[in-house]
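Engineer: One structure, as structure tokens, below. Some questions next.
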DNA sequence: ATTTGTGCGGATCGATTCGCTCCGCACAAT
DNA sequence: ATTGTGCGGAGCGAATCGATCCGCACAAAT
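Residue numbers (our numbering), protein chains in the order written: chain A, 8 to 237; chain B, 8 to 237.
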């Protein structure tokens, strides 16, 4: 996707450019989440399938990239919280919020807090988000849907705890793209279990198919060639 | 604890030696779990409060150390599973097993599978463990304590998912030893939530005190000096 | 046809960090 | 005194880091 060999028209060219924008940004999120303070710009470029130069064209450096990711993360938190409040059902709103945040990977950037000079200034967006989040919890409590002894902080930590998936990360690293969906589905079930643990109501059926043992054993298997042939 | 300045007797000296053994081993577990494939021997030595030389006296290198950790992990898995089966209450046995494994950090070594030449040969210990584990799940299912739609693999992945605690790891890195117990307690609550989600029974009260918001915000705070004065 | 402009991949830089070796020191036993 | 043991860390060559820079491919402008 980085090569621009077959582009013929101006519009197509521009599309490729913005596609690279997105590829770099998403790759950066994945790599920062996976490697934490050991994340490298080269790894980000490779994950994006892009040369290092193309990355430095858009971002002045590692810090710049990281700050952009933080902003994006704040926005997602705010939007998801407000979307949750818009749901007429307090519990469905909360449950959807948790699933969204886990799959987004909220909190996976936090461990880098003290590595980068990133002022977590309480800007307007994050304040809006925090009150929306608090309202959401309170509403679920008041409706009797959320068990009374769990707090907002519990839920923050729960999201953070499920936001990373070591299995998913390793499979991606191994190039086992065939198993990614299974792994995602498997985590989705665990989220559902946790939500039932939060819910003040009888459990709902777990989503998707039960994960196979092969999913767990995949990482110990002999590596199936790092990537496809060039 | 590495300096041996004040030892006076032979027994005390030996005690310090074996204490270093343990310190290195446990530090290695923490660092491998925290840094994954980026773990370095220097980091392990520092975490253990020990010189690099002392580490290389005991282990021929990184691989050797890692294999020793794998063995230890297998033993824990087997012993915990058998301990669980020894519990007359199927559910209590399973729940205790999960808590034990999460706090031990089972599965945190798996992401290193393809970095090190580590043959995960199905030795006798791990086979014993696997059958014990399967029996444990089956017993809980049969007793009606474990909700019928969760599988053994679900539980393996759940343990793996909760085995790492980004918060705990970062607080340790920041030297905030004052918050470690709070963070552990907070994760313990999340495990309890998940267990209630697994349990085919009304929820039990969450353990410990609710976590404070300060716990989450700690990592963004201005760093309180990396370590104590020398 | 030629020039210009843009986005790109990656070789390459000096600096840093890697796994690991080696050596001198402190202390107890001989 | 001598020996033996465990230790901390300076320092080795190799590898990797963040960042720079340059030549190429291609479309638009001339």
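Quick reminder that beta carbons are idealized off the backbone N, C-alpha and C, glycines included. This structure is a prediction, so every number in the text was calculated from the model and none was measured.
Quick one, which of A:102, A:101, A:112 and A:55 has its alpha-carbon nearest residue 79 (chain A)'s?
Structural biologist: Position 72 of the first chain, counted from the start, is the residue given in the question as residue 79 (chain A). Taking only the C-alpha atoms, the option nearest residue 79 (chain A) is A:112.
Engineer: Compute the beta-carbon to beta-carbon distance between residue 178 (chain A) and residue 225 (chain A), rounded to the nearest angstrom, for a pair I have assumed lies under 8 Å.
Structural biologist: For the purposes of this step, residue 178 (chain A) is identified with residue 171 of the first chain, where counting begins at 1. For the purposes of this step, residue 225 (chain A) is identified with residue 218 of the first chain, where counting begins at 1. Confirmed, Cβ separation roughly 6 Å.
Engineer: On a CA-only basis, which of A:131, A:129 and A:163 is nearest residue 143 (chain A)? Give me that one, please.
Structural biologist: Your numbering for residue 143 (chain A) matches position 136 in the first chain. Per the Cα distances, A:163.
Engineer: Along the alpha helix (DSSP H) that carries residue 63 (chain B), what are the first and last residues, could you check?
Structural biologist: Here residue 63 (chain B) corresponds to residue number 56 of the second chain, with the count starting at 1. Counting along the chain, the alpha helix (DSSP H) containing residue 63 (chain B) begins and ends at 59 to 65.
Engineer: Decide if the stretch 188 to 201 of chain B is in contact with the stretch 165 to 176 of chain B; the criterion is three or more beta carbon pairs, one per stretch, under 8 Å apart.
Structural biologist: In short, these stretches touch, since the Cβ pair count reaches three.
Engineer: Can you find a CB in chain B that lies within less than 8 Å of the CB of residue 223 (chain A)?
Structural biologist: Taking the first residue of the first chain as 1, we reach residue 223 (chain A) at position 216. Closer than 8 Å to some Cβ of chain B, the Cβ of residue 223 (chain A) qualifies, so yes.
Engineer: Does the CB of residue 204 (chain A) have a neighbour CB from chain B at under 8 Å?
Structural biologist: Along the first chain, one-based indexing puts residue 204 (chain A) at 197. Yes, contact with chain B.
Engineer: Since residue 57 (chain B) contacts residue 30 (chain B) with CB under 8 Å, what's their CB separation in whole angstroms?
Structural biologist: Translated into positions along the second chain, residue 57 (chain B) becomes position 50. Translated into positions along the second chain, residue 30 (chain B) becomes position 23. Confirmed, about 6 Å.
Engineer: Just tell me which of B:87, B:98, B:123 and B:93 has its CA closest to the CA of residue 72 (chain B).
Structural biologist: Along the second chain, read from residue 1 onward, the residue named residue 72 (chain B) stands at position 65. Of B:87, B:98, B:123 and B:93, the residue nearest in Cα terms is B:123.
Engineer: List the residues of chain B whose Cβ lies closer than 7 Å to the Cβ of residue 163 (chain A), in chain order.
Structural biologist: Within the first chain, numbered from 1, the residue matching residue 163 (chain A) stands at position 156. 223, listed in chain order.
Engineer: So residue 135 (chain B) contacts chain A; which residues on that side make the cut at Cβ distance below 8 Å?
Structural biologist: As a first step, residue 135 (chain B) must be located in the second chain, where it is residue number 128. Those do not exist, as residue 135 (chain B) stays about 17 Å from chain A at its closest Cβ, beyond 8 Å.
Engineer: Determine the direct distance from the alpha carbon of residue 206 (chain A) to that of residue 132 (chain B), and round the result to whole angstroms.
Structural biologist: As a working note, residue 132 (chain B) is residue 125 in the second chain. As a working note, residue 206 (chain A) is residue 199 in the first chain. So the two alpha carbons sit approximately 39 Å from each other.
Engineer: Closest to residue 222 (chain A) by C-alpha separation, out of A:92, A:183 and A:82, would be which residue?
Structural biologist: For this step, residue 222 (chain A) is matched to residue 215 along the first chain. Comparing Cα positions, the closest option is A:183.
Engineer: Whole angstroms are fine: how far does the CA of residue 129 (chain B) sit from the CA of residue 201 (chain B)?
Structural biologist: Here residue 201 (chain B) refers to the residue found at position 194 when the second chain is read from its first residue. Here residue 129 (chain B) refers to the residue found at position 122 when the second chain is read from its first residue. Roughly 30 Å between the two C-alpha positions.
Engineer: Is there at least one Cβ from chain B nearer than 8 Å to residue 197 (chain A)'s Cβ?
Structural biologist: Translated into positions along the first chain, residue 197 (chain A) becomes position 190. Chain B, which has a Cβ nearer than 8 Å to the Cβ of residue 197 (chain A), makes this yes.
Engineer: Quick one: Cα of residue 45 (chain A) to Cα of residue 45 (chain B), how far?
Structural biologist: Taking the first residue of the first chain as 1, we reach residue 45 (chain A) at position 38. Taking the first residue of the second chain as 1, we reach residue 45 (chain B) at position 38. For residue 45 (chain A) and residue 45 (chain B), the distance between alpha carbons rounds to 7 Å.
Engineer: Return helix, strand or coil for residue 206 (chain A), following the three-state DSSP convention.
Structural biologist: Translated into positions along the first chain, residue 206 (chain A) becomes position 199. Three-state result, residue 206 (chain A): strand.
Engineer: Any contact between the stretch 50 to 68 of chain A and the stretch 85 to 93 of chain A? By contact I mean 3 or more CB pairs, one from each, below 8 Å.
Structural biologist: Verdict: no, contact absent.
Engineer: Which value, in whole angstroms, describes the spacing of the CA atoms of residue 227 (chain B) and residue 220 (chain B)?
Structural biologist: Within the second chain, the letter at position 220 stands for residue 227 (chain B). Within the second chain, the letter at position 213 stands for residue 220 (chain B). Approximately 12 Å between the Cα atoms of the pair.
Engineer: Helix, strand or coil: how does DSSP classify residue 116 (chain B) here?
Structural biologist: Within the second chain, the letter at position 109 stands for residue 116 (chain B). Three-state result, residue 116 (chain B): coil.
Engineer: Quick check: the Cα distance between residue 100 (chain A) and residue 53 (chain B), rounded to an integer number of angstroms?
Structural biologist: Residue numbering aside, residue 100 (chain A) sits at position 93 when the first chain is read from its first letter. Residue numbering aside, residue 53 (chain B) sits at position 46 when the second chain is read from its first letter. Distance between the alpha carbons of residue 100 (chain A) and residue 53 (chain B): 46 Å.
Engineer: Helix, strand or coil: how does DSSP classify residue 213 (chain B) here?
Structural biologist: Here residue 213 (chain B) corresponds to residue number 206 of the second chain, with the count starting at 1. Residue 213 (chain B) falls in the coil class under three-state DSSP.
Engineer: Residue 176 (chain A) CB to nearest chain B CB: under 8 Å?
Structural biologist: One-based indexing of the first chain puts residue 176 (chain A) at position 169. Chain B, which has a Cβ nearer than 8 Å to the Cβ of residue 176 (chain A), makes this yes.
Engineer: Classify residue 24 (chain A): buried if its beta carbon has 16 or more other beta carbons within 10 angstroms, exposed otherwise.
Structural biologist: Counting from one through the first chain, the residue named residue 24 (chain A) turns up at place 17. Answer is exposed; the Cβ neighbour count stays below 16.
Engineer: Note down, one range per segment and in chain order, each alpha helix (DSSP H) of at least 4 residues found wholly within the stretch 130 to 157 of chain A.
Structural biologist: Qualifying alpha helix (DSSP H) stretches, in chain order: 131 to 149.
Engineer: Expressed to the nearest angstrom, what Euclidean distance is found between the alpha-carbon atoms of residue 213 (chain B) and residue 196 (chain B)?
Structural biologist: Your numbering for residue 213 (chain B) matches position 206 in the second chain. Your numbering for residue 196 (chain B) matches position 189 in the second chain. Cα to Cα, residue 213 (chain B) sits roughly 6 Å from residue 196 (chain B).
Engineer: Note down, in chain order, each residue of its chain lying with its Cβ closer than 7 Å to the Cβ of residue 97 (chain B), except the 5 sequence neighbours on either side.
Structural biologist: Residue 97 (chain B) sits at position 90 when you count from the first residue of the second chain. Hits under 7 Å: 146, 147, 150 and 152.
Engineer: Would residue 209 (chain A) be called buried (16 or more neighbouring beta carbons within 10 Å of its own) or exposed?
Structural biologist: Here the question's residue 209 (chain A) lines up with position 202 in the first chain. With fewer than 16 Cβ atoms within 10 Å of its Cβ, residue 209 (chain A) is classed as exposed.
Engineer: Leaving out five residues on either side along the sequence, give the residues of the same chain with a beta carbon under 7 Å from the beta carbon of residue 135 (chain A).
Structural biologist: Here the question's residue 135 (chain A) lines up with position 128 in the first chain. The residues are 85.
Engineer: How about residue 119 (chain B) and residue 43 (chain B): are their beta carbons less than 8 Å apart?
Structural biologist: By one-based count along the second chain, residue 119 (chain B) stands at place 112. By one-based count along the second chain, residue 43 (chain B) stands at place 36. Their beta carbons are under 8 Å apart, which means residue 119 (chain B) touches residue 43 (chain B) by this criterion.
Engineer: Counting along the chain, where does the alpha helix (DSSP H) carrying residue 82 (chain B) start and finish?
Structural biologist: The count along the second chain starts at 1 and reaches residue 82 (chain B) at position 75. Its alpha helix (DSSP H) spans residues 69 to 93.
Engineer: At the level of alpha carbons, what is the spacing between residue 36 (chain B) and residue 211 (chain B)?
Structural biologist: Translated into positions along the second chain, residue 36 (chain B) becomes position 29. Translated into positions along the second chain, residue 211 (chain B) becomes position 204. Going by the C-alpha atoms only, they are around 32 Å apart.
Engineer: For the stretch 139 to 169 of chain B, which residues have a CB atom closer than 9 Å to at least one CB atom of chain A, in sequence order?
Structural biologist: Answer set for the stretch 139 to 169 of chain B: 154, 156, 157, 158, 159, 160, 161, 163, 164, 165, 167, 168 and 169.
Engineer: For a contact defined as C-beta to C-beta under 7 Å, what are the partners of residue 42 (chain B) on chain A?
Structural biologist: Position 35 of the second chain, counted from the first residue, corresponds to residue 42 (chain B). Neighbours of residue 42 (chain B) on chain A, chain order: 45.
Engineer: Less than 7 Å between C-beta atoms, sequence neighbours within five positions excluded: which residues of the same chain meet that for residue 103 (chain A)?
Structural biologist: In the first chain, counting from the first residue as 1, residue 103 (chain A) sits at position 96. Once the five neighbours on either side are set aside, the close Cβ partners of residue 103 (chain A) are 91 and 94.
Engineer: Which residues in chain B have a C-beta closer than 7 Å to the C-beta of residue 181 (chain A)? List them in chain order.
Structural biologist: Here residue 181 (chain A) is taken as the residue at index 174 of the first chain, counted from 1. Per Cβ cutoff of 7 Å: 121.
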